[in-house]
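Take a look at the structure set out below.
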Amino acid sequence: MAKFDEIKNLVLSLEGDFDKFYNKGNQAAGTRVRKGMQDLKNVAQAIRAEVQNSKNTKE
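When you read off a place in the sequence shown, starting at 1, and then add 1065, the result is the number in the numbering used here.
Dropping the structure here:
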């Protein structure tokens, strides 16, 4: 569950930057959003690999 909490916290931490980018046109916030989304992708990929390994070892 720690990984799930990490994803939730990451998404919530990006909320302000999403608002600044989409509603106020702040380009630097867009860069932070892109970085945060890349981090999110990496965490999600690690979780996918962990789940797959767990499934494979139980079979």
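Cβ coordinates follow ideal geometry from the N, Cα and C atoms, glycine included.
Bear in mind the structure is a predicted one, so any value in this text is a computation, not a measurement.
- With a threshold of 16 other beta carbon atoms within 10 Å, A1093 falls short and is exposed.
- Looking at the backbone, the Cα of K1120 and that of N1091 are separated by about 43 Å.
- Pairing F1083 with K1068, the inter-Cα distance amounts to about 22 Å.
- Shown here, M1066 sits in coil according to DSSP, grouped into three states, outside any helix or strand.
- Annotated as distal: G1095 and L1079, with beta-carbon spacing of 9 Å or more.
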